[in-house]
Amino acid sequence: MNDNKKQLRIALRNCGFINPEIIDDYISRDGYMALGKCLTEHTPEETIKEIKDSGLRGRGGGGFPTGLKWEITRKSESDQKYVVCNADEGDPGAFMDRSILEGDPHSVIEAMAICGYCIGADKGLVYIRAEYPLAIERLQIALSQAREYGLLGENIFRSGFNFDIEIRFGAGAFVCGEETALIHSMEGLRGEPTFKPPFPSVSGYLGKPTNVNNVETFANIPAILNKGAAWFSSIGTEKSKGTKVFALAGKINNVGLIEVPMGTTLREVIYEIGGGIRDGKKFKSVQTGGPSGGCLTTDFLDTPIDYDNLIDAGSMMGSGGMIVMDEDDCMVAIAKFYLEFTLEESCGKCSPCRIGNKRLHEILDKITSGRGEFQDIERLQLLSQVIKDTSLCGLGQTSPNPVLSTIANFEDEYLAHVNEGKCPAGQCKALLKYEIIEDLCTGCTLCFRNCPVGAISGERRQPHYIDQSLCIKCGVCYEKCKFNAITLS
Amino acid sequence: MTRIKNLADLHKIKEEVQSKNRLRSSLDYPEHLVQIKVGMATCGIASGAKETMKYLNDELEQQAIDAVVTKTGCLGYCYAEPTIEVTLPGKEPVVFGYVDKAKVVEIIDVYIKRGEQVEGIIPLNFQTIDD
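Protein chains in written order, with this note's numbering: chain A, 1 to 489; chain B, 1001 to 1131.
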């Protein structure tokens, strides 16, 4: 492999190359060939076997083998089955699915039709969040073009196979990315998860067998069928085949969308493709897997990325968000940020998630505002474990992960907060202290005049003084002082 | 549009588009054109790709340069949006980043008209499935 080219684009093979609003562009790059071949030359069983042999695993986060899922849905007997595309991308900082739908919507449509043929469904549904207007618009254009060409509708490729796709809009609830909640939302019910089993492949949308796959998973399918299972399974690691799309975000130079073969290390992704940390700062941590994942330290930079390695490292693949943090980020505050997110997005159905996360957040808030005690760290760990063990769905089962992984990897930062009342990264405002160095202060009164709360006092040409009980740590004095006489500790 | 009934129909469309693209990009054919793709995913549009595309179209028209400007999805260089890919006849495609109005003028004057190098080229860092 060419050393400067760490990326390999399979799911993103057409993104940025074709006009997503012209179906002929897609066809010119072997679009709908895989569907045509399946319908005219292969049985559903052969196609499923090909997908199974390729080793493709679900790209939404769980990593369940796609071919196996299709086979289970195929074997579920019913008069009606459904293919659902999960485009409810909700992780903060993630935009893989959006880019695929905006850049190459036909690849998803083609794959859904193939899936329909394999499992015996004539109806597909794309569940997409209403916050993605451009993706929706392009998907609608693509659907109508595919219908005009007869690539959707009745008797596709004169094979007797019928298939059509509808779009369902989600209101942007994070929990609706969980497949049972997603299905309830499509049925017009509250977006709340239910206990599995029964899995959707047995009883899903309207009680019928339903195959739910993520956008990126579908986008891989036509390429696998065109180039063969052997080609696909030659890429990647032993248990994770193919490539994964990541949305690189945070304190990194080249923010963007990348696709790398499984087994690429975090170091290659961050330093070679991502161009390193912004402003020459030091790398501290990378968060993978969104609010359900964990924060990995420098120790894991050389870990090859795949489903199992990331879980062993205390994080997860997730849908592919990758947020890079530098030395200025406080890990306790990061954990609190993610908790805030899950707290807001918890559907409230089961109490471990609804109440437990609230309590976790309160403890983290206590620590970041300087009121933390040593025992709080233990409380966080105990409570996290209970939430993980007893929550109903994936949201609750994984929501304490950011807390647990930051405690495991950055315990010293937690200790600095609770024992010394210090935030090593200087992010937790309540723990900051602005002070005037008497020797350097000229008594120019600039800070005194700019302090919004009147916390600074002192005579002209005499050293000034900050009243800590009044100070709101806004930092104005620090910025205004021309003599570097104000310190931050 | 006609219905696609079999694989042969599909291959016909594929061939048509590919030969049209070859005509446009090969110097040997009289119809050759400058081809420009503007990254118009959410990331590009948020950074001003719509303005860039409009300005690009206006400038090319005013200067009577034969070019096809199309929109495309995200190439992944979200940090450098708006990005455009320029293919001069007989040459490899080149991707430019941070393309604002000033950059559009520079690209047209220096790269498209005179064929000289312009700063701001993003080196391609990926392989495609056909490599």
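Note that beta-carbon positions come from the ideal geometry of N, C-alpha and C, so glycine has one too.
Note that the structure is predicted; figures quoted are calculated from it, not measured.
Per the C-alpha coordinates, the member of A:E154, A:V332, A:P291 and A:T303 positioned closest to Q397 (chain A) is A:P291. DSSP, reduced to helix, strand and coil, places Y1029 (chain B) outside both helices and strands of the structure shown, so it counts as coil. For T210 (chain A), the number of other beta carbons within 10 angstroms of its own is at least 16, and it is reported as buried. Here I136 (chain A) has I128 and I167 as same chain residues with Cβ atoms under 7 angstroms from its own Cβ, once five neighbours each way along the sequence are excluded. The beta carbon of S457 (chain A) lies closer than 8 angstroms to those of F448, H464, Y465 and D467 in the same chain, with the five residues before and after it left out. Under the three-pair Cβ rule at 8 angstroms, the region 300-311 of chain A does not count as touching the region 340-347 of chain A. Counting along the chain, the unbroken alpha helix (DSSP H) around I224 (chain A) starts and ends at V215 to K227. Under the Cβ criterion (8 angstroms, minimum of three pairs), the region 244-252 of chain A counts as touching the region 94-113 of chain A. Between G321 (chain A) and D91 (chain A), the C-beta spacing is below 7 angstroms. Annotation for P402 (chain A): the continuous alpha helix (DSSP H) segment containing it runs N401 to N409. Think of a sphere of 8 angstroms around the beta carbon of P222 (chain A): no beta carbon from chain B falls inside it, the nearest being about 11 angstroms out.
Separation of P197 (chain A) and G356 (chain A) (C-alpha to C-alpha, rounded to the nearest whole angstrom) is 24 angstroms. Separation of A1046 (chain B) and R138 (chain A) (C-alpha to C-alpha, rounded to the nearest whole angstrom) is 17 angstroms. For A1067 (chain B) against I1036 (chain B), the beta-carbon gap comes to about 6 angstroms, under 8 angstroms, which counts as contact. When rounded, the separation of the alpha-carbon atoms in A87 (chain A) and L310 (chain A) is 23 angstroms. The region 12-55 of chain A is shown to contain whole alpha helix (DSSP H) runs of 4 or more residues at 23-28, 33-41 and 44-54, in chain order. Judged by pairs of C-beta atoms under 8 angstroms, the region 105-124 of chain A does not touch the region 321-331 of chain A, as fewer than three such pairs exist. In the DSSP assignment, P105 (chain A) falls outside any beta strand (DSSP E) and within the unbroken alpha helix (DSSP H) covering P105 to I119. Residues of the region 132-164 of chain A that bring their beta carbon within less than 7 angstroms of a beta carbon in chain B comprise L134, E148, Y149, G150, L151, F157 and R158, in sequence order.
A Cβ-Cβ separation of about 15 angstroms leaves C1043 (chain B) out of contact with E1085 (chain B) under the 8 angstroms criterion. Counting along the chain, K366 (chain A) sits inside the alpha helix (DSSP H) bounded by residues N357 to T368. A direct Cα-Cα distance of roughly 51 angstroms separates R1024 (chain B) from S76 (chain A). DSSP lists no beta-bridge partner residue for Q1062 (chain B). Inclusion of F1126 (chain B) and Q7 (chain A) in the CB contact set at 7 angstroms is warranted, their separation being smaller than that value. Contact with chain A is absent for A1049 (chain B), since none of that chain's Cβ atoms lies less than 7 angstroms from the residue's Cβ. Below the 7 angstroms Cβ cutoff, chain B contributes I1129 as neighbours of K227 (chain A), in chain order. At least one beta carbon of chain A lies nearer than 7 angstroms to the beta carbon of I1013 (chain B).
Contact annotation, E435 (chain A) with S489 (chain A): C-beta distance approximately 7 angstroms; criterion of less than 8 angstroms satisfied. The alpha-carbon of I334 (chain A) is positioned some 19 angstroms away from that of K388 (chain A). Residues of the region 177-199 of chain A with a Cβ closer than 7 angstroms to any Cβ of chain B: none. Pairing T297 (chain A) with K284 (chain A), the inter-Cα distance amounts to about 6 angstroms. Listed in chain order, the alpha helix (DSSP H) elements of length 4 or more contained wholly in the region 269-337 of chain A are 307-312. For Q381 (chain A), the uninterrupted alpha helix (DSSP H) segment begins and ends at F374 to T390. A Cβ-Cβ distance of about 6 angstroms is found for the pair E102 (chain A) and L134 (chain A), placing them in contact under the 8 angstroms criterion. N1057 (chain B) has its alpha-carbon roughly 12 angstroms from the corresponding atom of A1049 (chain B).
In this structure S54 (chain A) is buried. Its beta-carbon is surrounded by 16 or more other beta-carbon atoms within 10 angstroms.
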